[in-house]
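Undergrad: Provided herewith is a single structure, encoded as structure tokens, for subsequent inquiry.
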Amino acid sequence: MKSEIDIKKIQIEELKGIPIEGYWYRNVSIEFISRPLDSIGSILEGGRYNLPGSFEVLYVAPDPHTATEEAKREPFNKKIPPRLLFTAEIKTQVILNLEDKAIINALGVIEEKLFEPWRYPKYKETYTQALGRIIYGYNIFEGIRYPSA
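Using UniProt numbering, read the sequence shown as starting at 1 and increasing by one per residue.
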């Protein structure tokens, strides 16, 4: 099920992406430790910017703490499943920076919605998943940098 999102689509093509280079972190379930940079989990489970079964997203974080926090599944009312933290050297040229207020304003994105829960219900597209789908569809950016919720 697709949600409606009102962003200024025409503006996307005019936005400048930023390069990102350096060490980034990824918290991976042990079932995927032989392929820590594989994005199959995003296809199977979905993520903040993609619905399950839609398109692949490789989720990484700028620091180990953020990688660990973003990987937690709510609610934690049972044993925490084993996971491993990996470091990846990243070098990109064109990333859409949703941490930049000018970009958010240019797109007409509602900033508060970037922090809304996205995990449930699992197959109902959230605001950020709709935003990810639209940006992905333009095939301009290598990825999205976004604020951690």
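Using N, Cα and C, we set each Cβ at its ideal position, and we do this for glycine too.
Please read these numbers as outputs of a predicted model, since none were measured by experiment.
To which residues of the same chain is N97 closer than 7 Å at the C-beta, ignoring the five residues directly before and after it?
TA: I18, I103, R145
Undergrad: Excluding the 5 residues preceding and the 5 following L51 in the sequence, name in chain order all residues of the same chain whose CB lies nearer than 6 Å to its CB.
TA: In chain order, E125, Q129 place their CB closer than 6 Å to the CB of L51, counting only its own chain and leaving out the 5 sequence neighbours on each side.
Undergrad: Mapping DSSP to helix, strand and coil, what is A130?
TA: Looking at A130 - three-state DSSP - the assignment turns out to be helix.
Undergrad: If you reduce the DSSP assignment to three classes, tell me which class G46 lands in.
TA: coil
Undergrad: Among the residues of its own chain, which have a CB less than 8 Å from the CB of F32, if the five just before and after it don't count?
TA: For F32, where only same-chain residues beyond five positions count, the Cβ hits under 8 Å are D38, I40, G41.
Undergrad: Kindly indicate which three-state DSSP category K91 falls into: helix, strand or coil?
TA: strand
Undergrad: Would you report the Cα separation of R83 and I30, rounded to the nearest angstrom?
TA: Distance between the alpha carbons of R83 and I30 is about 5 Å.
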